[in-house]
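K.L.:
Residue numbers (the numbering used here): 1 to 202. Cβ atoms here follow ideal geometry from the backbone N, Cα and C, with glycine treated the same way.
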Amino acid sequence: MPPRRQAKAYKSMASHRSCQSRACTGTQSTVLHMAQEKTGKETKAAGETISTTVRALVSLEVPVHSDCVFAALDQAFPQGLDPRESTRLFSQLAKERALKLSLLVLSWHEGNEYELNSYHYGAVLNACSKTGEWTRALQLLSVMTRSSLKSDTISFSATISACEKASEWKKACNVFTDLVQREVELDRIAMNAVISACEKGD
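The structure is reproduced here in structure tokens:
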């Protein structure tokens with residue numbers, strides 16, 4: 001087995017063992033069972049497995065332990081996900097306003113060296129926007145601008161919106177200025193968000 005695949009397999013087994021050792025009970029154990037059951041049915045489409053997994057993860061009791069989420073994802077997607085499937089997963093989590101889960105799924109992708117692109121980060125930023133988590137949004141946008149990922153209109157708009165919802169008008173204006181300086185195309189969402197943020201200013 002190639003070193004990379006061997007490492008990924010080891011991480012998968014380690015995650016499952018860790019989850020079991022921490023006694024994931026109740027709804028957390030149910031997630032693992034549901035994910036494994038769906039994966040065992042080869043006729044199930046990837047989209048249905050994604051939807052089922054998202055519903056199961058969202059039903060988890062708070063606080064959600066990362067080991068249990070990683071184990072559920074390993075069980076549901078033993079062969080990993082292609083970029084389009086990952087986009088669907090992140091988008092559905094964003095619709096559920098499940099920011100913490102979105103961040104854990106992001107970490108799961110990174111740990112398994114699965115491809116991540118601007119659409120995936122954009123979906124997580126959308127979750128930040130829906131929940132007003134402006135500090136996390138700024139961190140994610142910073143990661144994008146420092147890496148080879150292209151920070152697009154959606155990413156900047158979601159970050160400005162997160163700042164606006166938290167009444168952080170100065171931060172929203174700073175992000176808007178960065179957007180203009182980088183010559184990123186403006187959209188109505190970004191314009192309305194920064195105007196609304198400024199109206200909340202002192």
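Nearest to histidine 65 by CA position, among Phe77, Leu104 and Leu89, is which residue?
P.N.:
Residue Leu104 is the option with its Cα nearest to histidine 65.
K.L.:
With a threshold of 7 Å on Cβ separation, who are the neighbours of isoleucine 154 within its own chain once the five nearest residues in sequence on each side are excluded?
P.N.:
Gly122
K.L.:
Determine whether the beta carbon atoms of asparagine 126 and alanine 98 lie at a separation below 7 Å.
P.N.:
no
K.L.:
Where threonine 131 and threonine 49 are concerned, what is the direct C-alpha to C-alpha distance, given to the nearest angstrom?
P.N.:
26 Å
K.L.:
Could you give the distance in angstroms between the alpha-carbon of threonine 204 and the alpha-carbon of glutamine 75?
P.N.:
There is no way to answer for residue 204, as the model of the chain reaches only from 1 to 202.
K.L.:
Near glycine 198, what residues of its chain come up, given a Cβ to Cβ distance below 6 Å and the 5 sequence neighbours on each side ignored?
P.N.:
Contrary to the premise, residue 198 reads as cysteine rather than glycine in this sequence. Trp169, listed in sequence order.
K.L.:
Between the alpha carbons of glutamate 113 and leucine 149, how many angstroms are there, rounded?
P.N.:
15 Å
K.L.:
Within a Cβ cutoff of 6 Å, which residues of the same chain sit near lysine 165, ignoring the five residues on either side of it in sequence?
P.N.:
Gly132
K.L.:
Per DSSP, what kind of secondary structure is glutamate 115 in: helix, strand or coil?
P.N.:
Glutamate 115 falls in the coil class under three-state DSSP.
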